[in-house]
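**Q** My questions all concern the structure below.
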Amino acid sequence: MSQDVVIEISNIWKIFGDKPDAALKAIQERGLSKAEVLDEFNAVVGVADVSLSVNRGEIFCVMGLSGSGKSTLVRHFNRLLEPTAGKIEIEGTDVMALGTKALQRFRNRQIGMVFQNFALMPHRSVLDNVAMPLEIREVAKNERMRQAAAILDIVELGAWGSKFAHELSGGMQQRVGLARALAANPDVLLMDEPFSALDPLIRRQLQDEFIRLSKILKKTTVFITHDLDEAVRIGDRIAIMRDGKMVQVGTAEDIVMNPADDYVADFVAGISRLKVVHAHVVMQPIDKYIVAQGPLPSATPRVSGDETLSNLINMAIDDESPILVEDDGKDVGVITRSDLLRTVIEGTEVS
1 MSQDVVIEIS NIWKIFGDKP DAALKAIQER GLSKAEVLDE FNAVVGVADV SLSVNRGEIF
61 CVMGLSGSGK STLVRHFNRL LEPTAGKIEI EGTDVMALGT KALQRFRNRQ IGMVFQNFAL
121 MPHRSVLDNV AMPLEIREVA KNERMRQAAA ILDIVELGAW GSKFAHELSG GMQQRVGLAR
181 ALAANPDVLL MDEPFSALDP LIRRQLQDEF IRLSKILKKT TVFITHDLDE AVRIGDRIAI
241 MRDGKMVQVG TAEDIVMNPA DDYVADFVAG ISRLKVVHAH VVMQPIDKYI VAQGPLPSAT
301 PRVSGDETLS NLINMAIDDE SPILVEDDGK DVGVITRSDL LRTVIEGTEV S
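Going by our numbering, the sequence shown wraps up at 351, each residue one higher than the last.
This is how it looks when you write it as structure tokens:
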């Protein structure tokens, strides 16, 4: 594991049933399909040979339709589910090697988890709910209340500490759940569809709040969602799962512009490229352009490689001249109106 990789899982399998090891052996030796495993062993393949790594401070979104295995996968990170086979390493710790007490300590100190169900204790105040992980850690009462109050301020619920869960809206309750996960200052956050039970307006507000908090706290986060729009808004990288398998991993731009197969292409077909695709993908190499068209005028507009397709189109509306793309002060590419039209219509990189 490199120093920038916080989570690394290798060849994770999860097979539900009475004979998971026999089913796995049959899959590996005879190449049985998911349906054949169910028929022969009365077993369900939940996760199939998944490997991935998550970098420090990254928001890594795992998405897929219902039954794809995404929620099953995330429950292996802190061993809420035991894998049938595979390796899990977090911050250099072999999670599979931990005994019962070490695993409890690991969960309490290094992993924070936020579920779709808010799971707040109804008999405890908001402040007491947030302080629970610190209480389990046996932090002195005054200190844990101070830390819990500080986290409530960060999620903008400082004035609600004395209230009870039933006195809060759904969106506020989910922010309390997030605050509770953050209170123990974990290395890693696991979030399993945390906003999916909320109505669309509150959900978008919570997404914005989470993006804001992520910039402040820089927590390494695995975020499970079935909503591609949510994954695109939140994720630094996205993994798409299907039938327990990892189909494609990449940035939103990678996946939208270069889908791995027809399934992914259908999945991302409804996503607008305007905010996802950037200049470095649209541009053609400057040397190629100059050979074909000649030198560019000194007054040619310039943008960085991170400029969005939406802004590039607005520039092209106002000025029909090509656009220069810079990287570290050097001119590296050129974008013409034809390049922009081709990207919008075809969704492929300029060759």
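Virtual Cβ for every residue (Gly too), placed ideally from N, Cα, C.
Quick one: grab the DSSP three-state call for residue 272.
**A** Sequence index remark: in the sequence shown, residue 272 carries index 272 (1-based). The answer is coil: DSSP assigns residue 272 none of H, G, I, E or B.
**Q** Less than 8 Å between the CB atoms is what I'm expecting for residue 205 and residue 230, so what's the real figure, rounded?
**A** Counting from 1 along the sequence shown, the entry for residue 205 is found at position 205. Counting from 1 along the sequence shown, the entry for residue 230 is found at position 230. Actually they do not touch by this definition, with Cβ atoms about 13 Å apart.
**Q** Taking the alpha carbon of residue 336 as the reference point, which residue from 232, 328, 147 and 314 has its own alpha carbon closest?
**A** Counted from its first residue, the sequence shown places residue 336 at position 336. Measuring from the Cα of residue 336, the nearest candidate turns out to be 314.
**Q** If you draw a straight line from the alpha carbon of residue 18 to that of residue 47, how long is it in whole angstroms?
**A** Within the sequence shown, numbered from 1, the residue matching residue 18 stands at position 18. Within the sequence shown, numbered from 1, the residue matching residue 47 stands at position 47. If you take the alpha carbons of residue 18 and residue 47, they lie about 16 Å apart.
**Q** Roughly how many angstroms separate the alpha carbons of residue 356 and residue 338, rounded to a whole number?
**A** No answer is possible for residue 356: the residues shown for the chain start at 1 and end at 351.
**Q** Enumerate, from N- to C-terminal direction, the unbroken alpha helix (DSSP H) stretches of 4 or more residues contained entirely within the segment 186-231.
**A** 200-217
**Q** Within 10 angstroms of the Cβ of residue 192, are there 16 or more other Cβ atoms? Answer buried if so, exposed if not.
**A** Taking the sequence shown and counting its residues from 1, the one referred to as residue 192 is at position 192. Residue 192 is buried by the Cβ-count criterion.
**Q** Grab me the residues of residue 125's own chain with a C-beta within less than 8 Å of its C-beta, minus the 5 sequence neighbours each way, in chain order.
**A** One-based indexing of the sequence shown puts residue 125 at position 125. Only 161, 162, 163 and 164 meet the Cβ criterion.
**Q** Can you have a look at residue 117 and say buried or exposed, based on whether 16 or more other CB atoms are within 10 angstroms of its CB?
**A** Translated into the one-based positions of the sequence shown, residue 117 becomes position 117. The residue in question, residue 117, is exposed, as its Cβ has fewer than 16 Cβ neighbours within 10 Å.
**Q** Give every residue of the same chain whose Cβ lies closer than 6 Å to the Cβ of residue 301, excluding the five residues on either side of it in the sequence, and list them in chain order.
**A** By one-based count along the sequence shown, residue 301 stands at place 301. 323, listed in sequence order.
**Q** Could you have a look at residue 86 and say whether DSSP puts it in helix, strand or coil?
**A** On the sequence shown, residue 86 is found 86 positions in, with the first residue counted as 1. When DSSP states are grouped into helix, strand and coil, residue 86 belongs to the strand group.
**Q** Measure the C-alpha to C-alpha separation of residue 98 and residue 287 and round it to an integer number of angstroms.
**A** The residue you call residue 98 lines up with position 98 of the sequence shown. The residue you call residue 287 lines up with position 287 of the sequence shown. One C-alpha to the other measures close to 56 Å.
**Q** So residue 232 and residue 190 are supposed to be a Cβ contact under 8 Å. How far apart are they, rounded?
**A** Locating residue 232 in the sequence shown gives position 232, where the first residue counts as 1. Locating residue 190 in the sequence shown gives position 190, where the first residue counts as 1. The pair is not a contact, with the Cβ atoms about 20 Å apart (cut-off 8 Å).
**Q** Which first and last residues belong to the alpha helix (DSSP H) in which residue 170 is found?
**A** As a working note, residue 170 is residue 170 in the sequence shown. Residue range 170-183 is occupied by the alpha helix (DSSP H) that includes residue 170.
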